[in-house]
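Take any residue in the sequence shown, note its place counting from 1, add 84, and you have its number in my numbering. Idealized CB from N, CA, C, for every residue including glycine. See structure below.
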Amino acid sequence: MMREELTPRYGYDEARAIIGLIYRSLKGWDAIDLIMHETDEVSEYIQGKAREILDRLQKDEPIQYIVGEAYFYGMDLKVDRSVLIPRPETAEMVDMIVDKWKDCKDLRVLDIGTGSGAIAIALSRNLPFSEVTAIDISEDALKIARENAENLKAKIDFRREDVFDFMPEAGSFDIIVSNPPYIDESEKSGMERNVLDYEPHTALFVPDDNPLIFYSRISTIASEALTPGGGLYFEINPRHCEELKGLLLKDGFEDVEAVKDVHGKERFVIARKKSEEL
């Protein structure tokens, strides 16, 4: 029943993944259990719960919010409507950081706008003996992030901070990473309902007349708070990639580079703080 109902709307692969999440939520089954029990008769209670989920899906509510869980970078994260659902593109940015810094120990990392804690927790678990700080203005988001960190045994210093008032001590971080709001207000009309109607707008949108408002502020923070040679990593709206590169060069960063995501879009901008001259 589920597959026939979901496949026309989501396609075969996504429908299969959604069914897996539904049965994991309702029965605790993993992928192997689902195969083993595929022909089992389902109780009326489970059928009723599944019907409730399908009805919510028909209203474009994301499955991650319905089951309260999202998968990211090998982790199961709790999510609700106070945080964005972690995207595969963001995992690509984590990959870049881990590949570059995995052989360095005792790194000090700052994640700005942590949301569910996805980036901060992934880096904490994959950079050896790292000291990770994560900030967000939303106390509701920080509650989710702290719970995720506790569940995944990640030691992270979560702080409620407004990025426009926040300024850490000079040279206090080796890496600063952020996936801030970057969708122009004018892009709303072309967005899918599952995002527009359910995900937190404060974590999504920026004014058309100041699309780099968060990037500019974070660049100012990073120019002081990064150690010489430290790395700055951004996820960005591709339409503003070149503008961001220019801003970072103006602020004195070196090795400023745009990086394409798996879909070929310029999704990330990375930079390095100048090393101290001898």
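How big is the Cα-Cα spacing for residue i and residue j?
i	j	result
D114	G104	7 Å
L226	A218	9 Å
I147	E128	21 Å
M332	A175	According to the sequence as given, residue 332 is Leu; it is not Met. Looking at the two C-alpha atoms, the distance is approximately 23 Å.
E350	Y266	13 Å
G413	H285	In the structure displayed, the chain extends from 85 to 362; residue 413 sits before or after that span and is not available.
F289	Y107	34 Å
A287	Y94	25 Å
D124	F156	30 Å
R135	V261	40 Å
L310	E276	37 Å
G152	D224	14 Å
I102	A238	28 Å
V182	V126	43 Å
T91	I116	21 Å
S303	G112	44 Å
F242	S214	14 Å
E319	V216	19 Å
E234	R100	30 Å
H347	Y96	20 Å
K186	E145	37 Å
M86	L280	25 Å
For residue i, report the span of its alpha helix (DSSP H) as first-last.
i	result
E88	M86 to Y94
R243	No alpha helix (DSSP H) contains R243, which is instead part of the beta strand (DSSP E) from I240 to R244.
T304	I297 to A309
D139	E128 to Q142
E125	Unbroken run through E125: none, as it is neither H nor E.
D224	E223 to N235
A204	A202 to N210
C325	C325 to K334
Please report the residue range of the beta strand (DSSP E) in which residue i lies.
i	result
V178	Per DSSP, V178 belongs to no beta strand (DSSP E); it is in the alpha helix (DSSP H), P172 to W185.
V163	Note, V163: premise wrong, no beta strand (DSSP E); not H, not E.
R192	R192 to I196
K344	E338 to K344
R351	E350 to R356
V261	F257 to S262
E215	E215 to D220
Y149	Per DSSP, Y149 belongs to no beta strand (DSSP E); it is in the alpha helix (DSSP H), I147 to V151.
Using beta-carbon positions only, say whether residue i and residue j come within less than 7 Å of one another.
i	j	result
F257	L194	yes
F248	R301	yes
A204	I240	yes
P264	G197	yes
V178	A206	yes
K184	P212	no
Y299	L328	yes
K143	L110	no
R140	I130	no
S307	D335	yes
L161	N278	no
A154	P172	no
Between residue i and residue j, which are expected to be in contact by the criterion C-beta below 8 Å, what is the C-beta distance as a whole number of angstroms?
i	j	result
G199	A229	7 Å
R209	L191	Actually they do not touch by this definition, with Cβ atoms about 13 Å apart.
G138	E89	The sequence shown places Leu at residue 138, rather than the Gly named in the question. Rounded, the Cβ-Cβ distance is 6 Å, consistent with contact.
M180	F352	7 Å
I221	E245	7 Å
M251	I305	6 Å
**Asked** Does the stretch 312-332 come close enough to the stretch 265-272 that 3 or more CB-CB pairs lie under 8 Å?
**Response** yes
**Request:** Decide yes or no for the touch test of the stretch 334-344 against the stretch 289-299: beta carbon pairs closer than 8 Å, at least 3 of them.
**Result:** no
**Asked** Three or more beta-carbon pairs under 8 Å between the stretch 353-360 and the stretch 307-318, yes or no?
**Response** yes
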